[in-house]
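*Asks:* Okay, handing you the structure first.
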Amino acid sequence: MHRPSGAAEEGSLSRDCGLCRSHPRDHGVRESWCKCNLHGSSKHLTSRDLTAFSYQVAKGMDYLANKGIIHRDLAARNILVDENKVCKVADFGFARDVIASHVYERKSEGRLPIRWMAPESLFDNIYTTKTDVWSFGVLLWEIVTLGSTPYPGLSANEVIRKVRDGYRLEKPEHCRREMYNIMYYCWDKDPKQRPSFGELVNFLDRLLISEHTYIELERFPDHSYYNITDLSGEKL
Numbered sequence: 506m507h508r509p510s511g512a513a514e515e516g517s518l519s520r521d522c523g524l525c526r527s528h529p530r531d532h533g534v535r536e537s538w539c540k541c542n543l544h545g546s547s548k549h550l551t552s553r554d555l556t557a558f559s560y561q562v563a564k565g566m567d568y569l570a571n572k573g574i575i576h577r578d579l580a581a582r583n584i585l586v587d588e589n590k591v592c593k594v595a596d597f598g599f600a601r602d603v604i605a606s607h608v609y610e611r612k613s614e615g616r617l618p619i620r621w622m623a624p625e626s627l628f629d630n631i632y633t634t635k636t637d638v639w640s641f642g643v644l645l646w647e648i649v650t651l652g653s654t655p656y657p658g659l660s661a662n663e664v665i666r667k668v669r670d671g672y673r674l675e676k677p678e679h680c681r682r683e684m685y686n687i688m689y690y691c692w693d694k695d696p697k698q699r700p701s702f703g704e705l706v707n708f709l710d711r712l713l714i715s716e717h718t719y720i721e722l723e724r725f726p727d728h729s730y731y732n733i734t735d736l737s738g739e740k741l
């Protein structure tokens, strides 16, 4: 079985994206970019497409991690998809080169991507590759739910309290356990127990090779999720 085209590490990165905004929702879309991001054209996607997107993003993030770079804002809004269904990790505005210590401690306050943040980032202002892994798990949930809002129905403060108390995003009913388990591994309270991006690449590669349907889009319960125009930065 051939892997999806464009999955090479460098091919999964984009440092110059050319951002443009359009209307907030189109087929489950919150934001649209010039090249169409993961919140776009969802009605034309298949389960394999979504799994391939996840694989390609994991490849791109593995490349960044191996370069000692922390993205710090990994989310569906920052993934570009071109006309050939090749994903690129974009928007490096929050990225930090931490190759020496592998840890970045945030000093300033401001608007934050709260719904994508690991507990140690929310409560201790600590960012590592493993906090990017947590965000990747939330991104997988976004992909599976066609760009829905993480923690639907909860305010930013409620999300923080829930995450602190051990709550995790629930398994969408149209998502197979094999895919959800990958998300859940990313949300371990102990960063050391979260998988590396290299391991995530291998997990997703196995799903692609198996050719099973892990996201049953015909069962997608559109009424269960909703979209907010801009959650890239919420302030408490």
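FYI, our numbering numbers position 133 of the sequence shown as 638, with every residue one higher than the one before it. Ideal Cβ positions, reconstructed from N, Cα and C, are used throughout, including at glycine. Model, not experiment: these values are computed from the prediction.
Which stretch, first to last residue, makes up the alpha helix (DSSP H) that contains cysteine 691?
*Replies:* For the purposes of this step, residue 691 is taken as residue 186 along the sequence shown, with counting starting at 1. 682-691 is the extent of the alpha helix (DSSP H) around cysteine 691.
*Asks:* Would you kindly work out how many angstroms separate the C-alpha atoms of threonine 744 and histidine 549, rounded to a whole number?
*Replies:* Because the chain in this structure spans residues 506 to 741, residue 744 falls outside the shown range and cannot be described.
*Asks:* Three Cβ pairs or more, each shorter than 8 Å: is that satisfied between the stretch 585-592 and the stretch 668-685?
*Replies:* No, because fewer than three Cβ pairs between the stretch 585-592 and the stretch 668-685 fall closer than 8 Å, the two stretches do not touch.
*Asks:* Under a three-way DSSP split, which group does tyrosine 632 fall into?
*Replies:* As a working note, residue 632 is residue 127 in the sequence shown. Tyrosine 632 falls in the strand class under three-state DSSP.
*Asks:* What span of residues does the alpha helix (DSSP H) with isoleucine 714 cover, start to end?
*Replies:* What you label residue 714 is simply residue 209 of the sequence shown in a count that begins at 1. Its alpha helix (DSSP H) spans residues 702-715.
*Asks:* Have a look at arginine 601 and tyrosine 568 and give me their C-alpha separation to the nearest angstrom.
*Replies:* Sequence index remark: in the sequence shown, residue 601 carries index 96 (1-based). Sequence index remark: in the sequence shown, residue 568 carries index 63 (1-based). Because arginine 601 carries a pLDDT of 49, less than 50, the predicted location of this residue cannot be relied on, and no value is offered for it.
*Asks:* Any idea what DSSP makes of lysine 676, helix, strand or coil?
*Replies:* As a first step, residue 676 must be located in the sequence shown, where it is residue number 171. The answer is coil: DSSP assigns lysine 676 none of H, G, I, E or B.
*Asks:* Under the three-state reduction of DSSP, which class applies to valine 591: helix, strand or coil?
*Replies:* The sequence position of residue 591 within the sequence shown is 86, counting from 1. Valine 591 falls in the coil class under three-state DSSP.
*Asks:* Look up aspartate 531 in the DSSP assignment and say whether it is helix, strand or coil.
*Replies:* As a first step, residue 531 is located in the sequence shown; it is residue number 26 there, counting from the start. Summary for aspartate 531: the model assigns pLDDT 35, below 50, so the residue's position carries little reliability, and this model does not support an answer.
*Asks:* For serine 626, tell me which candidate among Ser701, Lys694, His717, Asn707 has the shortest Cα-Cα distance.
*Replies:* Here the question's residue 626 lines up with position 121 in the sequence shown. When only C-alpha atoms are compared, the closest one is Lys694.
*Asks:* Between the Cα of arginine 666 and those of Arg620, Val638, Phe702, spot the shortest distance and give me the residue it belongs to.
*Replies:* Residue numbering aside, residue 666 sits at position 161 when the sequence shown is read from its first letter. The shortest Cα separation from arginine 666 among Arg620, Val638, Phe702 belongs to Arg620.
*Asks:* Kindly indicate which three-state DSSP category leucine 550 falls into: helix, strand or coil?
*Replies:* Against the sequence shown, residue 550 aligns to sequence position 45. In this structure, leucine 550 counts as coil in the three-state DSSP scheme.
*Asks:* Are the stretch 556-575 and the stretch 694-706 touching, with three or more C-beta to C-beta distances below 8 Å?
*Replies:* The stretch 556-575 is in contact with the stretch 694-706.
*Asks:* How about arginine 699 and cysteine 691: are their beta carbons less than 8 Å apart?
*Replies:* As a working note, residue 699 is residue 194 in the sequence shown. As a working note, residue 691 is residue 186 in the sequence shown. Yes.
*Asks:* Output needed for tryptophan 646: all residues of its chain with C-beta closer than 7 Å, excluding positions within five of it in sequence on either side, in chain order.
*Replies:* Your numbering for residue 646 matches position 141 in the sequence shown. Closer than 7 Å at Cβ, skipping near neighbours: Pro655, Leu674, Met688.
*Asks:* Buried or exposed for proline 677, please, with buried defined as at least 16 other CB atoms from any protein chain shown within 10 angstroms of its CB.
*Replies:* Working through the sequence shown from its first residue, we reach residue 677 at position 172. Buried, since its Cβ has 16 or more Cβ neighbours within 10 Å.
*Asks:* Secondary structure at leucine 579, three-state DSSP: helix, strand or coil?
*Replies:* Numbered from 1 along the sequence shown, position 74 holds the residue referred to as residue 579. Three-state result, leucine 579: coil.
*Asks:* Kindly identify the DSSP beta-bridge partner or partners of valine 586.
*Replies:* Translated into the one-based positions of the sequence shown, residue 586 becomes position 81. DSSP output for valine 586 lists Cys592 as bridge partner(s).
*Asks:* Verify whether the separation of the beta carbon atoms of methionine 684 and leucine 722 is less than 8 Å.
*Replies:* Indexing the sequence shown from 1 puts residue 684 at position 179. Indexing the sequence shown from 1 puts residue 722 at position 217. Result no, Cβ atoms of methionine 684 and leucine 722 do not sit closer than 8 Å.
*Asks:* Going by alpha carbons, who is nearest to proline 726 out of Leu651, Ile714, Gly658?
*Replies:* In the sequence shown, counting from the first residue as 1, residue 726 sits at position 221. Nearest option by C-alpha distance: Leu651.
*Asks:* Locate the alpha helix (DSSP H) running through glutamate 663, then write down its first and last residues.
*Replies:* As a first step, residue 663 must be located in the sequence shown, where it is residue number 158. Where glutamate 663 is concerned, the enclosing alpha helix (DSSP H) stretches over 661-669.
*Asks:* For leucine 651, which three-state DSSP category applies?
*Replies:* Walking along the sequence shown from the start, residue 651 turns up at place 146. DSSP places leucine 651 in coil when its eight states are reduced to three.
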